[in-house]
Structure formats: structure tokens, C-alpha cells
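**Q**
Numbering (our numbering), first residue to last: 15 to 221.
#1: Can you tell me the Cα-Cα spacing of residue 116 and residue 70, whole angstroms?
#2: If you measure between the beta carbons of residue 212 and residue 103, is that distance less than 8 Å?
#3: Would you check if the distance between the CB atom of residue 138 and the CB atom of residue 215 is smaller than 8 Å?
#4: Please report the distance separating the alpha-carbon of residue 119 from that of residue 175.
#5: Give the secondary structure of residue 45 by DSSP, where H, G and I count as helix, E and B as strand, and everything else as coil.
#6: Buried or exposed, going by whether 16 or more other CB atoms sit within 10 Å of the CB of residue 201?
#7: Have a look at residue 167 and residue 188 and give me their C-alpha separation to the nearest angstrom.
#8: Suppose you measure from the CA of residue 111 to the CA of residue 88; what does that come to, to the nearest Å?
#9: Between residue 185 and residue 48, what straight-line distance do the alpha-carbon atoms span, to the nearest angstrom?
#10: Using CA atoms only, rank isn't needed, just tell me which of 66, 41, 105 is closest to residue 192.
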């Protein structure tokens, strides 16, 4: 039980640090709806499900040995995040941004939002490095398979619960009224943040 509490606390601290997933959920909730944002949360959770499972299976060791593969994944992810940011910035300078919430109101509805949430999470390969570090630090050889996959389920559930709370908070009427007054500025800021995340992934791999 102590191990589960420790991992839950460590992961909560990581979730509290704003990243692409947080900005995606908050932007979608405030500019569209809580329901739409929850589909994005589901996509993000699917990404976490994938990354954490791969970390348990030792993918971070493969990426450490194959630096070129990690570089390719990081650059591809950086390009995706940067392109999403540019779409948000472009939307911030159009009338559609004020009316519909810009890039957060994605064509295709809820399934498109789920897909965008999934891709936003998968675009950051540092997630698997994070999980690999956590698992290697707290899971020794004496931890059985059932406990390992129990921790995996805990992380998935904790991720979904946190981002569902974020979606609920930013979908509050007061938050949405504030968004309608400052839509272009908020969309522009969110776009700039995504571009910055993308460039960081790309340039960090080239450094």
C-alpha cells in the first residue's frame, strides 16, 4: 500500500506541472464544452495508457540505446505540437476564434477531439522517459507482476480523474464568460505555448 501511495503522490506532482495536455484540456473546455473536453481527456488517458505500459515493458531502455529513434520521435512530436500551436495562432486572428473558440473547436466533433488529445500526449516522448524513471526508482526486482500492473492501472485512473477535474473547472460558466471577453488573447497565448513546447522538443534533440 505504501508503494501505491508513493507512486500516486509522485504522479500527482507531475500532473500539477502544466504541460501540453493541461493546455489542451483547459483550452477545449473553456472554448467549447465540458463534454468535448472530456473526449480530449479520454484521448490523453489513452496516450498515458500506452506510454506507461511501454515504460513497464522497458521501452525507455531501448530509447536510451537507440538515440536516433528517440530523436525521430521527439522531432515528429515537436512538429505536431508546433503545427497545432500555429493553427491556434491563426485562429486567434480570425473572427471564428471569437465565435467558436478557434482551433479548439475541431472539425469532426468529439472523435476528432479524442484523436487530438491522444496525439497531443503521444507527441511528447519525454512521457515514457518520465515513467521509466519513476518505475526504475520505485520498482525493484522484488515487485511482482500483479503489483506492477496495479500501479499502471492507478496511474491511468489518476490521469483521467485529474484532467476530468481540469475540464470541469474550465467549463464553468464564469470561466467561459471570461473566455468570450478575451478569446483572441487566450487562443493566441495557448497557440504560443504549443509552439514553444514543439520547438523545445525539436531543438532539445538537436542540441
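For each residue, glycine too, the CB sits at the ideal point set by N, CA and C.
**A** With the given structure in hand:
#1: With a pLDDT of 40 at residue 116, under the threshold of 50, the modelled position of this residue cannot be trusted; read the value that follows with caution. Each residue's Cα considered, the two are about 38 Å apart.
#2: no
#3: yes
#4: At residue 119 the pLDDT is 45, less than 50, meaning the model places this residue with poor confidence; the figure from the coordinates comes in the next sentence. When rounded, the distance between both Cα atoms is 23 Å.
#5: Here residue 45 sits in helix by DSSP.
#6: Note on residue 201: 16 or more other CB atoms within 10 angstroms of its CB, so buried under the neighbour-count rule.
#7: Taking the straight line joining both Cα atoms gives about 34 Å.
#8: Note on residue 111: pLDDT 43, under 50, position unreliable in the model; the coordinate value appears next. When rounded, the distance between both Cα atoms is 29 Å.
#9: 5 Å
#10: 41
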